[in-house]
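Here the structure comes first, spelled out in structure tokens, and everything after it is commentary.
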Amino acid sequence: MKKYPCIQTQLPGTHALQYLKKERKFVSPSSTKSYPLVVKNAKGMLVTDVDNNVFLDFTAGVAVCSTGHNHDQIITAISNQANELIHMSGADFYNPLHIVLAEKLSAICPGSYTKKTFFGNSGAEAVEAAFKLARYHTKRSIVIAFYNAFHGRTMGALSLTASKLNQRKHFLPLIPEVIHIPYAYCYRCHFGLTPDTCNMACITWVREELFKTKVSPEDVAAIFVEIVQGEGGYVVPPKEFHTALYQLTRDYNILYVADEVQSGMGRTGKMFAAEHFGIVPDIITIAKGIASGLPLSAMVAREDVMDWQPGSHASTFGGNPVSCQAAITTIRLLEEGLIDNAAKQGAYMIDELKKLERRYPVIGDVRGLGLMLAVELVKDKETKAYAVEERDAIVERAFYKGLLLLSCGRSAIRFCPPLIVSKNDMDIALSIFEECLKEITNK
Ligand SMILES: Cc1ncc(COP(=O)(O)O)c(C=O)c1O
1284 MKKYPCIQTQ LPGTHALQYL KKERKFVSPS STKSYPLVVK NAKGMLVTDV DNNVFLDFTA
1344 GVAVCSTGHN HDQIITAISN QANELIHMSG ADFYNPLHIV LAEKLSAICP GSYTKKTFFG
1404 NSGAEAVEAA FKLARYHTKR SIVIAFYNAF HGRTMGALSL TASKLNQRKH FLPLIPEVIH
1464 IPYAYCYRCH FGLTPDTCNM ACITWVREEL FKTKVSPEDV AAIFVEIVQG EGGYVVPPKE
1524 FHTALYQLTR DYNILYVADE VQSGMGRTGK MFAAEHFGIV PDIITIAKGI ASGLPLSAMV
1584 AREDVMDWQP GSHASTFGGN PVSCQAAITT IRLLEEGLID NAAKQGAYMI DELKKLERRY
1644 PVIGDVRGLG LMLAVELVKD KETKAYAVEE RDAIVERAFY KGLLLLSCGR SAIRFCPPLI
1704 VSKNDMDIAL SIFEECLKEI TNK
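In our numbering, the protein residues as written are 1284 to 1726.
Below is the structure:
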């Protein structure tokens, strides 16, 4: 018998409605909320709202709660740490946990050499730090990023972001000398080609057009790239894309900066998505899944790249001891089995989604790695017109049935559950998703 999800009131319920009313009055309206979920508590895969409705969480709080909500070992680690020390800024004092965690990150990030870590509190902060370090180290000014990229919303990170117009609108001017180029979004190739025959035209274009007409590669500090694009649509490029991009950076001494804020920490079935592509980035940015929900980010760079001097960059709160303890325990749990589970459950889920793709023409594309999975909805398989209303309707209907989903890209739905997800959870989520598909396509 299916015991969850369990929706027992109208949504939003009476308590939720009261909060929503006050939220409208007192809280900034700048973030996008997909549906009126007001959370009271959560455990494992389940989230309970303020009216005691229980939801199955296929968002992990936007790919954050890698070990599931409120994992017992995380609670113990952070409670013990809170009893010892909550804060003594890493900006001015030494902290043993920074050293332990930085050593561990040096070991687990791709590349057999030593790496150094700068600690921040959010993904955007890690990206800002990488942006500054790239300019500092290379003494070059231009930075390249991709269309559909999402790197955060602070001014530097936003300058790299090119995912949705409303994220940039009215915030100009941003940081100068940021250039966007097409990503290998092969389902909608910018050059109208297909990956089997294109010879990575998107990278050739950079070599043969951009670098011959507008931008001297000797002025380029770094290329920022999501190994798998996240907010922009969970786009998985072919292996050859990263190989060609990496070679381009080697040819011109450009730093290859992998933004693994969303794809890192086991989500794709390997500790870092770069490992799927055999890439060893010069800098990696990490946040979201690193500390099971506590605010923490890391910018990890090759030892020789992180050559900035004292005073050049720091953060009062970055690398908070409680967050660091959560990260140390999170990494252990990932290594003890959650990464393998992400690979195993992800393989099952993508097969099931592909079966749905064959039955429902509204699904134009199914893609992903591990538990970073998406379906892109289209009005017509030939024209690939974005099925935005259909996508929004599915995400909303799933909520009313007790399944938490999130959108991404222009008409995609992402599935990014906690890495503890079981086959049973998958089957429940898939059956609710299919019910929604049936409803919106009248099948
Ligand atoms: C790839 C990537 N980089 C950076 C960020 C920004 O992270 P934050 O919201 O923690 O600032 C995100 C957030 O979704 C992300 O997915």
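We put the beta carbon where it would ideally sit given N, CA and C, even for glycine.
Query	Result
Quick one: any contact between the segment 1563–1570 and the segment 1353–1372, if contact means 3 or more CB pairs under 8 Å?	no
Curious, which full-length beta strand (DSSP E) runs of at least 3 residues does the segment 1330–1398 contain?	1337–1340
May I ask whether a heavy atom of ligand 1 can be found less than 7 Å away from the beta carbon of V1544?	yes
What's the call for Y1683, buried or exposed, on a 16-neighbour Cβ count within 10 Å?	exposed
Hey, how far is the Cα of L1416 from the Cα of A1504?	9 Å
Determine the extent of the alpha helix (DSSP H) in which T1568 is found, giving its start and end residues.	Where T1568 is concerned, there is no enclosing alpha helix (DSSP H), although the beta strand (DSSP E) it sits in stretches over I1566 to I1569.
Measure the C-alpha to C-alpha separation of M1224 and F1402 and round it to an integer number of angstroms.	Absent from the model: residue 1224. The displayed extent of the chain is 1284 to 1726, so no value can be given.
In three-state DSSP terms, what is F1716?	helix
Would you grab the beta carbon distance between F1555 and K1522 for me? Rounded to a whole angstrom, and I think it's under 8 Å.	That pair is no contact at about 15 Å.
Do V1426 and V1461 have their C-beta atoms within less than 8 Å of each other?	yes
From A1432 to Q1530, what distance separates their C-alpha atoms?	21 Å
Starting from N1324, follow its DSSP beta bridges and name the residues at the other end.	T1331
In chain order, which alpha helix (DSSP H) runs of at least 4 residues are fully inside the segment 1638–1720?	1671–1683
Fully enclosed by the segment 1438–1465, which beta strand (DSSP E) runs are 3 residues long or longer?	1461–1464
By the three-class DSSP mapping on this structure, what secondary structure does C1472 have?	coil
If we call anything under 8 Å between Cβ atoms a contact, is S1405 one with P1578?	yes
To which residues of the same chain is S1606 closer than 7 Å at the C-beta, ignoring the five residues directly before and after it?	A1574, L1577, P1578 and L1579
Going by DSSP, name the residue or residues bridged to G1403.	S1580
First and last residue of the alpha helix (DSSP H) that includes I1734?	In the structure displayed, the chain extends from 1284 to 1726; residue 1734 sits before or after that span and is not available.
By DSSP's criteria, Q1512 is part of a beta bridge. Which residues make up the other side?	V1518
Please report the distance separating the alpha-carbon of M1548 from that of E1619.	13 Å
Which residue marks the beginning of the alpha helix (DSSP H) containing F1429, and which one marks its end?	F1429 -> not in any alpha helix (DSSP H); beta strand (DSSP E) instead, spanning I1425 to F1429.
So Q1608 and Q1364 are supposed to be a Cβ contact under 8 Å. How far apart are they, rounded?	4 Å
Nearest to A1695 by CA position, among L1441, H1354 and G1513, is which residue?	G1513
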